[in-house]
Amino acid sequence: MSAMPLSEIISLDPGFNSNEPDWLNVRRQLAFERLTATGLPVEGSENWRYSSLRSLLRKNLNTQADVVLESEQLLSLAGLEQDSYRMVFVNGLYQAHLSLVPDDIKITNLASEFENSEIDALLGDMPDAADAGFSYLNTTKFQDGLFIQLEKNTLCEQPVHLIQLSAGDVLSNARHIIHLADGASLTLVEQVIELSGQTGGGLLNTQTQVMLADKARLDWTRAQTLAGKSTLVDRVDCRLAAGSQLHCTHLDLGGLWVRHDFSVELQGQNGFIEVDGMVMVRGRQHTDFHTRIDHQVENCTSRENFKCIADGRGRGVYNGKILVQVGADGTDSAQKSANLLLSEHAEIDTKPDLEILADDVIASHGATVGQLDDDALFYMRTRGIDEKLGRKLLMRAFCQEVIDLVEVESARESLGAKLDQVFEEMELVG
Amino acid sequence: MSMILEVKDLYATVEGKEILKGLNLTLKAGEVHAIMGPNGAGKSTLGNIIAGRDGYEVTSGEVLFKGKNILELDTEERACEGVFLAFQYPVEIPGVNNTYFLRAALNAQRKYRGEPPMDAATFLRLVRKKLKVLDLKDDLLKRAVNAGFSGGEKKRNEIFQMAVLEPTLAILDETDSGLDIDALRAVANGVNALRGADRAMLVITHYQRLLDHIVPDVVHVLADGRIARSGGPELALILEEKGYAWLQENDSVAVENS
Ligand SMILES: Nc1ncnc2c1ncn2[C@@H]1O[C@H](COP(=O)(O)OP(=O)(O)OP(=O)(O)O)[C@@H](O)[C@H]1O
Ligand SMILES: [Mg+2]
Chain A
2 MSAMPLSEII SLDPGFNSNE PDWLNVRRQL AFERLTATGL PVEGSENWRY SSLRSLLRKN
62 LNTQADVVLE SEQLLSLAGL EQDSYRMVFV NGLYQAHLSL VPDDIKITNL ASEFENSEID
122 ALLGDMPDAA DAGFSYLNTT KFQDGLFIQL EKNTLCEQPV HLIQLSAGDV LSNARHIIHL
182 ADGASLTLVE QVIELSGQTG GGLLNTQTQV MLADKARLDW TRAQTLAGKS TLVDRVDCRL
242 AAGSQLHCTH LDLGGLWVRH DFSVELQGQN GFIEVDGMVM VRGRQHTDFH TRIDHQVENC
302 TSRENFKCIA DGRGRGVYNG KILVQVGADG TDSAQKSANL LLSEHAEIDT KPDLEILADD
362 VIASHGATVG QLDDDALFYM RTRGIDEKLG RKLLMRAFCQ EVIDLVEVES ARESLGAKLD
422 QVFEEMELVG
Chain B
20 MSMILEVKDL YATVEGKEIL KGLNLTLKAG EVHAIMGPNG AGKSTLGNII AGRDGYEVTS
80 GEVLFKGKNI LELDTEERAC EGVFLAFQYP VEIPGVNNTY FLRAALNAQR KYRGEPPMDA
140 ATFLRLVRKK LKVLDLKDDL LKRAVNAGFS GGEKKRNEIF QMAVLEPTLA ILDETDSGLD
200 IDALRAVANG VNALRGADRA MLVITHYQRL LDHIVPDVVH VLADGRIARS GGPELALILE
260 EKGYAWLQEN DSVAVENS
């Protein structure tokens with residue numbers, strides 16, 4: 002099939018695929034019906050007001066690219082060791098020969114589990130919303146993804162790496178499921194990377210379902226360093242049972258147009274979610290980060306700490322919805338959004354959005370937009386540090402708080418190095 | 020003796036307001052000069068202009084450092100040439116580690132001089148040596164630059180930086196203000212340790228007591244944008260006793276002297 006604009010791709014009926022189980026055919030049909038009814042979100046929709054799809058819809062996308070990737074190349078691209086556990090996908094397709102998983106734990110690719118009757122339930126209810134078009138698109142088209150299912154009290158000692166490579170101007174739809182049973186614990190490091198040597202310009206549409214049962218714990222780092230022409234639409238839906246903990250740290254450095262929807266339902270008491278993000282936009286980059294934390298029951302805690310540096314004509318959007326439902330008494334929620342605006346043509350739109358329907362709730366939030374501290378710069382210069390290095394040190398300092406949250410040392414270091422590289426490339430302005 | 024600093028008939032304005040009005044000052048190698056003077060006289064302004072802070076306009080006159088016009092240089096170039104300003108109000112830089120910062124500064128200066136960067140281990144040894152002289156607590160090194168430091172800790176940190184960077188000209192802007200007796204002695208030790216035949220220091224202070232520890236060669240009084248009076252260490256004692264009003268009473272003498 003030749004390249005086609007996204008606006009036409011969404012009207013392709015997935016049809017009935019006899020190689021796939023019935024539940025999946027049913028799901029795809031329902032998703033297609035809803036997609037046909039809603040289309041992809043348009044600017045009129047409140048949640049998408051800052052993120053115009055106009056040029057994305059016109060984008061010509063292929064269904065697949067020819068990719069040859071050797072193990073050595075992958076390891077160096079992703080900064081992995083020979084023996085790092087890893088699940089590798091290129092344009093949403095599983096690469097068994099590049100992957101390595103422990104054999105005593107269920108970490109596999111989703112397509113190999115399609116006959117597993119649990120999968121349908123784990124995928125959860127399909128959203129029913131006028132602006133869920135990308136989710137429908139994903140369901141009509143996804144071929145594969147990561148499937149992790151940890152049994153009760155399983156601890157996966159080594160971090161598992163999820164590597165998603167984007168290659169060429171391809172539409173990829175990946176679908177991941179992470180399911181941790183009672184007391185299970187996992188550290189996951191996800192990277193969305195451009196395959197070097199490819200031109201970029203693809204659209205990666207990923208969706209992840211996370212379910213943490215009682216007292217399960219997931220530590221999840223998500224780093225995105227796509228090429229300057231690529232786009233990413235990412236949706237994460239998490240359900241947290243009693244006493245479970247999710248720490249999720251995002252780092253977005255690349256991509257031309259990026260949208261995240263990160264949603265958490267706190268369904269059991271004493272659940273804990275911390276979601277943080279460091280977003281860097283420059284050139285004409287656009288990154289829109291929406292979070293939604295839904296406190297459904299008593300005594301849960303949520304923490305959000307988002308930072309953005311906007312330079313050039315970059316635009317960073319952050320919208321943090323916190324919903325504290327009736328009866329979710331004793332909720333403790335804090336949200337912070339700190340931003341650096343480095344150019345007069347850059348833009349930051351940050352909005353806390355709190356809806357509190359319960360009693361005895363702590364909900365703090367704060368948003369700041371500032372510039373680099375001139376006094377600090379002068380101070381450094383009086384010690385011999387030139388302006389460029391001074392600015393780098395100040396930007397690094399601004400980001401450090403989020404970088405420090407990355408639990409896996411090798412990932413923390415390589416992300417720090419990637420940040421430094423971005424700072425190095427930045428034009429020295431005024 | 021060679022010239023370190025020559026300020027010649029310097030006039031400068033801040034936001035259109037004239038602050039320095041014909042200031043003359045000469046420091047030779049090996050000398051320590053003290054500058055005293057009433058609040059708002061222009062002492063910090065002089066330090067800031069020598070260091071190259073934005074917002075000050077030199078309307079006439081010149082500033083030579085080792086014979087070179089430094090007003091043409093960027094702030095960091097002046098630092099690399101050997102000019103150091105200990106701030107009256109040191110700046111907090113949250114998130115930037117004190118040791119990392121200082122090594123970056125030292126290596127920037129070494130690079131400017133065409134020397135190879137100092138590796139972390141050698142640097143650490145240097146730092147330990149200087150810490151001893153200054154009687155400074157180790158943990159300040161691990162913290163962010165001045166962030167959450169007490170007033171006294173900030174001032175000690177300035178002197179510590181000076182000790183590591185070993186400038187040719189050090190301008191200390193009220194480094195003694197707010198120090199307890201022990202800290203004052205530590206700061207004075209740091210300054211005295213750096214005194215040497217090829218360096219000069221300009222010590223801005225309001226209090227005679229610092230000058231008991233750092234005995235200056237010359238004491239100047241800066242009033243209304245110019246040096247109103249210069250003398251030996253005894254001048255500080257007279258001022259301490261009589262206050263700056265005494266200067267005005269003796270104004271005619273000052274004019275004759277200048
Ligand atoms: N950036 C500035 N903007 C406006 N006015 C300034 C600025 N910097 C200095 N001034 C003014 O210049 C004058 C001299 O200030 P300066 O700080 O040099 O005084 P000083 O002699 O150091 O006083 P102190 O003993 O109180 O430290 C003051 O009137 C001050 O208000
Ligand atoms: Mg002053």
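Heads up: the protein sequence lines correspond to chains A and B, in order. Going by the working numbering, the first sequence runs without a break in its numbering and finishes at 431. Going by the working numbering, the second sequence runs without a break in its numbering and finishes at 277. We treat Cβ as the ideally placed atom computed from N, Cα and C, and that holds for glycine. Remember, predicted model here, so these are calculated numbers, not experimental data.
Flag residue i as yes if its beta-carbon sits less than 8 angstroms from any beta-carbon of chain A, otherwise no.
i      : result
B/A216 : no
B/V82  : no
B/N276 : Residue confidence is low: B/N276 scores 42 on pLDDT, short of 50, so the model does not pin down where it sits. Its coordinate-derived value is still stated next. Not closer than 8 angstroms to any Cβ of chain A, the Cβ of B/N276 fails to qualify, so no.
B/Q180 : yes
B/Y131 : yes
Can you list the residues of chain A that residue i reaches, using a CB-CB cut of under 9 angstroms?
i      : result
B/G114 : L394, L395, R397, A398, F399, C400, Q401, E402
Please list, in chain order, the chain B residues whose beta carbon lies closer than 7 angstroms to that of residue i.
i      : result
A/T383 : A70, T94, A98, L104
A/I386 : E95, A123, A124, A127
Under 8 angstroms, do residue i and residue j count as touching if we go by C-beta distance?
i      : j      : result
A/L247 : A/L241 : yes
B/L206 : B/T187 : Going by the sequence as given, residue 206 of chain B is Val instead of Leu. Not closer than 8 angstroms, so no.
A/F135 : A/L41  : yes
B/A189 : B/A105 : yes
A/I1   : B/A127 : Because residue 1 of chain A is not part of the residues shown, which for chain A are 2 to 431, the question remains open.
B/L92  : B/V82  : no
Should residue i be listed as close to ligand 3, given that the test is whether its C-beta is under 7 angstroms from any heavy atom?
i      : result
B/E193 : In the structure on display, ligand 3 does not appear, and the ligands it does have are ligand 1 and ligand 2.
With a cut-off of 8 angstroms, does the C-beta of residue i fall near any C-beta of chain B?
i      : result
A/Y380 : yes
A/L390 : yes
A/V430 : Bear in mind that the predicted position of A/V430 carries a pLDDT of just 43, short of 50, making it too unreliable to give a figure here.
Whole-angstrom Cβ separation of residue i and residue j, contact assumed at under 8 angstroms?
i      : j      : result
A/V171 : A/A412 : Not really, about 26 angstroms apart at Cβ, beyond 8 angstroms.
A/F148 : A/N174 : So it is not a contact: roughly 15 angstroms between Cβ atoms.
A/R397 : A/F424 : 7 angstroms
A/E348 : A/R392 : Contact doesn't hold; Cβ gap of about 20 angstroms is too wide.
B/G80  : B/K27  : 5 angstroms
A/H261 : A/H291 : 7 angstroms
A/A364 : A/G328 : No, A/A364 and A/G328 are not in contact; Cβ-Cβ is about 16 angstroms, not under 8 angstroms.
A/I178 : A/L257 : Contact flag wrong, Cβ pair sits at about 28 angstroms.
A/V43  : A/L54  : 7 angstroms
A/A214 : A/L187 : 12 angstroms between Cβ atoms; not a contact.
At a CB-CB cut-off below 8 angstroms, which residues of chain B make contact with residue i?
i      : result
A/D376 : V110
Hey, would you say the C-beta of residue i is under 7 angstroms away from at least one heavy atom of ligand 1?
i      : result
B/G197 : no
B/S21  : no
B/G262 : no
B/G59  : yes
B/G56  : yes
B/V234 : no
B/G74  : yes
B/V33  : yes
Measuring from the CB of residue i, is there a heavy atom of ligand 2 at a distance below 7 angstroms?
i      : result
B/K36  : no
B/Q107 : yes
A/S344 : no
B/K174 : no
B/K62  : yes
Checking contacts by CB at 8 angstroms: is residue i closer than that to chain E?
i      : result
B/L184 : No chain E appears in the structure shown, which is made up of the protein chains A and B.
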